[in-house]
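Counting in my numbering, the sequence shown runs from 3 upward without gaps. For each residue, glycine too, the CB sits at the ideal point set by N, CA and C. This one's a predicted model, so the numbers in the text were calculated from it and none came from an experiment.
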Amino acid sequence: MPVLRLPGQTTCRGHIQDPASQRLTWSKPPLNVLVIRKIRDETLLEPFKELCRFLVEEKHLMVYVEKKVVDDGSLMMDDSFSAIRNQLCTFREGYDDISDCIDLIICLGGDGTLLYASSLFQGSVPPVMAFHLGSLGFLTPFKFESFKTEVDKVFEGNAAIILRSRLKVKVVKGMFQRNEQLFSAEENGVVPHNHINSEAGKITLQLQVLNEVVVDRGPSSYLSNVDLYLDGRLITSVQGDGVIVSTPTGSTAYAAAAGASMIHPNVPAIMVTPICPHSLSFRPIVVPAGVELMITLSPDARNTAWVSFDGRKRQEIQHGDSIKITTSCFPVPSICCHDLVYDWFDSLAQCLHWNVRKKQTRLTDASDSSETEN
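In structure tokens, the structure reads:
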């Protein structure tokens, strides 16, 4: 199992975390590795097979993969891979709990692959090593061309780590609503049964969210009208298309598109960003990590609202329902390719083209129009 070494700096005002000191070391060599592959992408078939061969034959590790990945038709027809395929351990989302037996997660794909890997662990999350084989790649700093060297470095330990905070979300719905209405029938899966509790006549859904919780007006043509509470106090009512509650990691996702600032993942904060608010003065805000936000339908709301978690498990919110959000105790340890400062700013420039423009040409003395001759 990994050990996260997190020394800090002590000042007269208390203990301040030194982000540069966040390192990953192993108390014992990792034995069980979870490989998450982006599905419905045939270009990832060969990288997936190469990685599994390397982990099984050269590193002698127990490799876990999703059953639907192993059952892929292209993989089943590859006789040269059958020996490796037979040694893979399989699991099904929502049915098999692997949270206590994984030492390391390796993702092949884009940012959505890492978000999906996070959703599989509703408690403590193993370190995540993400290879950029998707479309955007903001959260996936590693290049697959040198995967053997990069994996060996991680196994040697002392790798830089970003602790990406998550949101602990609790949705409380009235028991009068049928259980089927608690879930979306989308193809991206249903909420595992062990995340649902029935208490005091209510149905309670609990989730860990890495990017954001989005509350919007859904298919209705009316404005969304929801109330926002902070630590039990009504802060404001949101009238518009909705509101985004995001982590610093999610600040570069939907929140950035809605006009929010981009925040480094090491900053302890929760962001609240309105979506097309019907008020010129409603600007995005940042609140301290650890506060509890609650969102409910306003009493005079003309329509219901809809909520989604990292773009998944979308469901309807009605009068009497509430969404409670706070910082989770279980962050996602994301392994850095270089370090947590370089990786983040490199992603800003490469993926979002932040502050990328043609440079001004230098003025020569002869053409400097700011100088006048006497």
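Apart from the five residues on each side of it in sequence, which residues of its chain come closer than 7 Å, Cβ to Cβ, to residue i?
i    : result
Y118 : I38
D243 : D218, R219, S226, I277, C278
C103 : N34
L365 : none
Just how far apart, CA to CA, sit residue i and residue j?
i    : j    : result
L299 : G125 : 29 Å
L184 : Q317 : Annotation note: pLDDT 48 at L184 (below 50); position unreliable, coordinate value reported separately. Straight-line Cα distance between these residues: approximately 6 Å.
C353 : Y344 : 14 Å
A262 : R55  : 43 Å
H321 : I297 : 11 Å
L350 : Q24  : 21 Å
I107 : P129 : 6 Å
E189 : S283 : Residue confidence is low: E189 scores 40 on pLDDT, short of 50, so the model does not pin down where it sits. Its coordinate-derived value is still stated next. Taking the straight line joining both Cα atoms gives about 38 Å.
I41  : R94  : 14 Å
Determine, using beta carbons only, whether residue i and residue j come nearer to each other than 8 Å.
i    : j    : result
V274 : V293 : no
I163 : L77  : no
N357 : R219 : no
D99  : L212 : no
I272 : L295 : yes
M146 : P49  : The residue asked about is misnamed: residue 146 is Phe in this sequence, not Met. The answer is yes: Cβ separation under 8 Å.
K170 : I205 : no
V216 : L230 : no
S167 : P270 : yes
D113 : F140 : yes
L110 : L47  : no
Can you round the beta-carbon distance between residue i and residue j to whole angstroms, since I take them to be within the 8 Å contact cut?
i    : j    : result
T92  : V58  : 14 Å between Cβ atoms; not a contact.
I265 : M131 : At roughly 23 Å, the Cβ-Cβ gap does not stay under 8 Å, so I265 and M131 are not in contact.
Just to confirm my understanding: we take residue i, look at its own chain, exclude 5 residues before and 5 after, and list those with CB closer than 6 Å. What are they?
i    : result
A255 : N213
V173 : L207, I325
G144 : In the sequence on display, residue 144 carries Phe and not Gly. These residues qualify, in order along the chain: F133, E152, C339.
F83  : K51
Which class does residue i belong to by DSSP, given the choice of helix, strand or coil?
i    : result
R42  : coil
Q317 : strand
M78  : helix
R364 : coil
F93  : strand
If I measure Cβ to Cβ from residue i and keep anything under 8 Å in the same chain, skipping five residues before and after, which residues do I get?
i    : result
A257 : E214, I246, S248, M273, T275, P286
D233 : V293, E294
D302 : N227
I237 : L230, Y231
S253 : A262, S263, M264, I265, M273
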